[in-house]
Every structure is written in structure tokens, then in C-alpha cells.
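Engineer: Pasting a structure here, questions to come.
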Amino acid sequence: MVKHIHKEGASNSNRKEEICARNLVFTSHTGAKYGVMIGYQIPLKNSNADKGAGKIYLVSYHADSNTIFLHEFKRKESSETLLRCLLEIYTYYSILDRDKFLRDFNLMDAAVVPSVLVCDGSRQHEHYDGDDYSNVRALMERLNITFHLLEESCQESS
1094 MVKHIHKEGA SNSNRKEEIC ARNLVFTSHT GAKYGVMIGY QIPLKNSNAD KGAGKIYLVS
1154 YHADSNTIFL HEFKRKESSE TLLRCLLEIY TYYSILDRDK FLRDFNLMDA AVVPSVLVCD
1214 GSRQHEHYDG DDYSNVRALM ERLNITFHLL EESCQESS
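Be aware that the sequence shown starts at 1094, since it is given in my numbering, and climbs by one per residue.
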């Protein structure tokens, strides 16, 4: 007999982030610095044989700068550190097949930039602004990872 144990914390939190991400895309949410949301939960695998490569949480396109941002997105309630967020998005950015990705979005000449997108007042926002995290900010700069704030609350209704 197989017993399934439901852990309320992580999976519920991940589901809420997924719902927020989906709603940002479906409402064509637009941020002045990162453009309009155009995709969520974008798998990194190139074929069905690829497993466990991960997914990019949110993708936005800023037309004025012809830039696609790959966002590691965290809700205000997330307990993850800023360091973990930037390492995740940099890993995904590093393994992304950029040519295929740009073809899929029909934006062949766009720049692709990794980003951390967090809610105003979140733990990650506090880390970014805090004096104790200057090394993390320096690492973000060295890896060309941008930091963006979602200044409004995220809708979680499905």
C-alpha cells in the first residue's frame, strides 16, 4: 500500500505562485521596466525525452528595449532567499536554448535577460535593499541578472 502525505506548506505555496503567474499573463500585466507578461511556466526541455529540466516561472517582453525577461517570480509570502532566486534563474538562463526560445515567441532579434521578480515588501525585496546583502547584489550585477518589483498585489483566484 502506498501512502501519500500531503505537506501543506511548499506545494500549496507553489500552487499560489503558479496561479499568480498565470493571472499576470492572462491579464496582460505590464510593468514599466519589464514590459508585458507573455508566458508562464515555460518548460526548459527541448523534447519529451528531457525530464526535470525545470520551468521558467514568468516571461515578459519590453518592446521599447526589444528585451525578453526571464523571471524567477516569488510571492510576498515566499521564504526563499534572494540568493536562491538568482541562482535558480541563472541556471535556467544558462541551459535555455535561446534560438528555439526566441523562435517560439517569434522574437528572433530580442535580447534575453534573466530577472528576479518579487513583490514589494517581500523577504527578497528586503534582502535586495539590505546592507547585509551587498555581495548578493554584486553577484546579480556580475551575472547580469536584473531585479524587478511587482508593486501591486497578485490575484490568487483560479
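Cβ coordinates follow ideal geometry from the N, Cα and C atoms, glycine included.
Counting Cβ pairs, one atom from each stretch, are 3 or more of them under 8 Å apart for the segment 1173-1189 and the segment 1209-1218?
Structural biologist: yes
Engineer: For Ala1204, does the three-state DSSP call read helix, strand or coil?
Structural biologist: strand
Engineer: On the DSSP letters alone, give me the boundaries of the beta strand (DSSP E) that Ser1153 sits inside.
Structural biologist: Lys1148 to His1155
Engineer: Going by C-alpha distance, which of Leu1195, Glu1110 and Leu1232 is nearest Asn1159?
Structural biologist: Leu1195
Engineer: Determine the contact status of Tyr1150 and Ile1238, defining contact as a CB-CB distance below 8 Å.
Structural biologist: no
Engineer: To which residues does DSSP link Glu1165 through a beta bridge?
Structural biologist: Val1209
Engineer: CB-CB under 6 Å to Phe1240, same chain, minus the five flanking residues each way: which ones, in chain order?
Structural biologist: Val1209 and Tyr1221
Engineer: Tell me whether Ile1161 is buried or exposed, calling it buried when 16 or more other Cβ atoms sit within 10 Å of its Cβ.
Structural biologist: Label assigned to Ile1161: buried.
Engineer: What does a CB cutoff of less than 7 Å around Tyr1185 pick up in its chain, not counting 5 residues either side in sequence?
Structural biologist: Excluding its 5 nearest sequence neighbours in each direction, Tyr1185 has C-beta neighbours in its own chain below 7 Å: Leu1137, Gly1147, Ile1149 and Leu1163, listed in chain order.
Engineer: Between Ala1204 and Asp1225, what straight-line distance do the alpha-carbon atoms span, to the nearest angstrom?
Structural biologist: 31 Å
Engineer: Considering Cα atoms alone, identify which of Ala1114, Gly1223, Lys1126 and His1155 is closest to Arg1168.
Structural biologist: Ala1114
Engineer: Based on Cα-Cα distance, which residue from Glu1111, Asp1213, Tyr1154 and Ile1135 lies nearest to Ile1188?
Structural biologist: Ile1135
Engineer: Taking Tyr1154 and Val1129 to be in contact with their CB atoms under 8 Å, please state how far apart those CB atoms are, rounded to whole angstroms.
Structural biologist: 6 Å
Engineer: Spatial neighbours of Thr1123 within its chain, please: C-beta separation below 6 Å, excluding the five flanking residues on both sides.
Structural biologist: Excluding sequence neighbours, Thr1123 sits near Val1129.
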